[in-house]
Amino acid sequence: MSAIITVENISKAYLIGMKAEVPDTLMSAATKWIKSPLRNFRNLRRMNTFDHDGETEDIIWAVKDVSFEVQQGEAVGIIGRNGAGKSTILKILSRITEPTGGRAVIRGRISSLLEVGTGFHPDLTGRENIYMNGTILGMTKREIDRKFDEIVDFSGVEKFLDTPIKRYSSGMQVRLAFSVAAHLEPEILIIDEVLAVGDAEFQKKCLGKMEDVASHGRTVLFVSHQLGAIQRLCTRSIVMREGHRSFDGITTEAIDLYLSSHSQTKDINGWTSLISVPRRGSGEAKFVGYQCTPVGCPDVHHLYSDEPVEINLLLRSEATREVASLGVTFYDRVGTKLVNADTVSLGKSLRLRQGENAISVRIEKLHLNPGNYNIGFWLANGLHTFDHIEIGGTVEVIDRETRGLGRRPVGDGTVTCSFSVIELTNQMQDPGLPTADKESSHACVLPSRQEAQ
């Protein structure tokens with residue numbers, strides 16, 4: 003039986019500094035051509051005539067010579083760091099952008115959700131967009147009518163069904179867009195990281211729906227940094243690295259390879275840089291490095307399950323601001339949250355100064371089984387996320403006395419912790435980080451309301 007998706011040596015190159023001048027769609031190409039035919043002829047000629055195997059200073063490869071096949075009914079995960087080429091592959095398969103080289107053969111009707119509002123017209127209502135999307139997929143009005151109530155019920159936007167989509171929040175748009183994509187019976191369902199916009203309950207519903215789609219013989223391609231979701235849904239996964247396919251096989255092996263690629267570059271003082279790790283958020287304030295050691299043992303780089311742990315954080319803020327939530331989380335290898343230390347549980351907030359800030363987090367006991375764990379960080383004000391790093395690195399936990407008799411936490415994993423200010427020194431900084439401005443190198447921990455009273 004022939005594959006439902008065949009990708010043969012696809013590549014995608016972009017001209018550096020000419021993103022706006024090299025169109026990806028027919029409409030933008032026509033517009034650019036009319037505005038400046040000579041300039042666009044020169045740029046398009048460069049894109050079409052450079053040596054495919056050569057390297058040119060003003061060309062960057064988003065994807066290079068990637069091949070794979072997907073059989074009908076398979077659920078395939080695609081994982082990799084930001085910029086690895088995952089989303090570019092999905093855009094090529096969805097016919098949003100054309101490859102520079104190679105080809106992708108699709109034998110089925112595709113429904114894709116690659117970013118908030120994909121396929122929606124902002125001035126049309128939710129109801130009108132459902133019918134428009136169904137029509138684009140080649141469905142008749144009768145077929146859409148049959149699925150309509152199911153789509154609306156799943157999305158939870160019934161009250162706003164006759165409101166223009168541009169009035170929806172990003173979360174509402176994602177709920178409706180996913181519901182349309184999953185319920186209008188495509189042969190192939192393509193989902194990018196966009197589900198991270200939704201709340202935890204809706205993400206769980208989406209994962210269940212994707213499992214249902216796959217169980218009915220339809221094909222799913224799923225890009226996500228949520229490794230637990232990838233492992234639950236996909237038996238096979240592709241790991242992308244710097245535009246190349248580095249692995250294609252069993253999902254558990256793919257996850258192991260991906261996690262091992264998160265190499266941690268430490269200086270002699272054990273600081274780990276967070277500058278280039280995958281993250282999401284506005285970036286107005288963000289983490290740039292951390293150091294995780296047993297309390298009083300800065301030269302020891304493993305942790306003890308039942309002894310105090312100190313996590314020193316280096317943050318950078320674009321302006322002075324108060325931050326309601328700063329947290330550190332320990333996850334297992336597939337993303338299950340096990341230990342959570344945050345300012346919210348203490349009823350405190352933080353005031354960050356413009357420039358660099360240093361915070362020390364002390365956790366009294368991790369209560370974790372011996373083993374390797376991922377550590378993540380977040381910084382937010384309510385629903386506004388400044389920075390969220392799901393995997394900032396890995397730490398090893400051992401049991402000093404009994405080795406192997408550690409225990410996992412119960413409930414939501416929240417542990418006894420404290421936050422305090424630490425003074426930045428040159429010795430504390432990662433070699434790749436800029437030197438701290440001494441006048442802006444501290445943060446204020448504001449008292450809780452009870453303490454203030």
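Residue 3 is where the sequence shown starts when you use the numbering used here, and the numbers rise one by one after that.
Don't be surprised by glycine CBs; every beta carbon is placed ideally from N, CA and C.
Exposure of residue i, with buried meaning 16 or more beta-carbon neighbours within 10 Å
i    : result
Q175 : buried
P101 : buried
D1   : The chain is shown from 3 up to 455; residue 1 falls before or after that span and cannot be answered.
P188 : buried
V107 : exposed
Q73  : exposed
R409 : Annotation note: pLDDT 44 at R409 (below 50); position unreliable, coordinate value reported separately. Label assigned to R409: exposed.
E152 : exposed
I252 : exposed
L381 : buried
K93  : buried
K143 : exposed
D147 : exposed
H185 : buried
I4   : The amino acid at residue 4 is misidentified as Ile; the sequence shows Ser. Burial call: exposed.
S278 : exposed
L235 : buried
R83  : buried
G110 : exposed
Assigned secondary structure, residue i (DSSP; H/G/I helix, E/B strand, else coil)
i    : result
V225 : strand
R323 : strand
E392 : strand
N342 : strand
G75  : coil
K350 : coil
K88  : helix
G230 : helix
I98  : coil
R83  : coil
G306 : Checking the sequence, you will find Tyr at residue 306 rather than Gly. The answer is strand: DSSP assigns Y306 an E or B state.
I167 : helix
L191 : strand
Residue i versus residue j: straight-line alpha-carbon distance, rounded
i    : j    : result
L370 : W273 : 23 Å
I232 : I112 : 20 Å
R477 : L276 : Examination of residue 477 is not possible in this model, given that the chain is present from 3 through 455 alone.
D194 : S114 : 8 Å
V423 : S327 : Residue placement at V423 cannot be trusted, given a pLDDT of 45 that sits under 50; what the coordinates show is reported in the next sentence. Approximately 16 Å between the Cα atoms of the pair.
L17  : S96  : 22 Å
P224 : G298 : The displayed chain sequence assigns Phe, not Pro, to residue 224. Cα to Cα, the separation comes out at about 44 Å.
A77  : Q205 : 17 Å
V9   : P310 : 51 Å
L354 : S171 : 28 Å
D432 : G291 : The predicted position of D432 is uncertain, since its pLDDT is 42 and thus under 50; no value can be drawn from it.
R282 : L116 : 16 Å
G210 : V302 : 42 Å
E398 : N376 : 9 Å
S217 : V336 : 22 Å
E366 : Y306 : 11 Å
A321 : H227 : 29 Å
R364 : E392 : 20 Å
H123 : I167 : 7 Å
L229 : G75  : 21 Å
A438 : K207 : Only weak support exists for where A438 lies, its pLDDT of 37 falling under 50; the value from the coordinates is given anyway. If I take the Cα positions, the gap works out to 45 Å.
E255 : G79  : 12 Å
I476 : V222 : A question about residue 476 goes unanswered here, because the residues of the chain that appear run from 3 up to 455.
Cross-strand partners of residue i (DSSP beta bridge)
i    : result
E398 : N374
Q293 : N314
F70  : V9
N359 : L317
H386 : N383
G1   : Nothing about residue 1 can be read from this structure; the chain reaches only from 3 to 455.
V65  : K14
V159 : BP columns for V159 are empty, so no partner.
T253 : Per DSSP, none; premise fails for T253.
G103 : S13
L332 : The question names Leu, but residue 332 in the sequence shown is Phe. Looking at the DSSP assignment, F332 forms a beta bridge with V341 and I377.
I108 : I7
M134 : Answer is none; M134 lacks a bridge partner.
H246 : R243
T127 : P166
N114 : Reading off the sequence shown, one finds Ser at residue 114, where the question assumed Asn. Its beta-bridge partners are I192.
Presumed contact (8 Å Cβ cut-off) between residue i and residue j, rounded CB distance
i    : j    : result
T165 : T127 : 6 Å
S319 : G357 : 7 Å
F156 : I132 : The pair is not a contact, with the Cβ atoms about 12 Å apart (cut-off 8 Å).
I81  : S248 : The pair is not a contact, with the Cβ atoms about 10 Å apart (cut-off 8 Å).
A86  : M212 : Between M212 and A86 the Cβ distance is about 22 Å, and since that is not below 8 Å, they are no contact.
G384 : T331 : So it is not a contact: roughly 18 Å between Cβ atoms.
S347 : E312 : Rounded, the Cβ-Cβ distance is 18 Å, inconsistent with contact.
Distance cut-off 6 Å: residue i Cβ against heavy atoms of the ligand ZN
i    : result
F122 : Ligands are entirely absent from the displayed structure, and the ligand ZN is therefore not among its contents.
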